[in-house]
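Step one of this worksheet: look at the structure below.
Residue numbers (this note's numbering): 9 to 93.
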């Protein structure tokens, strides 16, 4: 399982370092059964198009949880003052 929640800019570089990093990642992807990513675009436009990954992918989006307004309130803010008090 390979979890990739963001694509570093170097992975998209056309310079030698970008090509080397993508080749290393492709070698790892060949042995990967599942890619977990946080964006459908990462899967489609990076892993499928650029890296040519054809294995399984799971979308795990970073979204704010919508809580029920009648739920108990969250803990209050800590008291003001230095952290050692």
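Where a beta carbon is used, it is the ideal one built from N, C-alpha and C, also for glycine.
In this text, all values refer to a predicted model and were calculated from it rather than measured experimentally.
Around the beta carbon of residue 45, 16 or more other beta carbons sit within 10 angstroms, so the residue counts as buried.
Non-local C-beta neighbours of residue 34 in its own chain, meaning closer than 7 Å and more than five positions away in sequence, comprise 59, ordered along the chain.
Around the CB of residue 36, fewer than 16 other CB atoms lie within 10 Å, so the residue is classed as exposed.
Inter-residue distance for residue 23 and residue 61 is about 21 Å (C-alpha atoms, whole angstroms). Between the alpha carbons of residue 41 and residue 9 lies a distance of about 6 Å.
CA-to-CA, the gap between residue 18 and residue 57 works out to about 17 Å. Assignment of residue 69 by DSSP, reduced to helix, strand and coil, places it in the coil class. For residue 43, no alpha helix (DSSP H) encloses it; the enclosing beta strand (DSSP E) starts and ends at 42-45.
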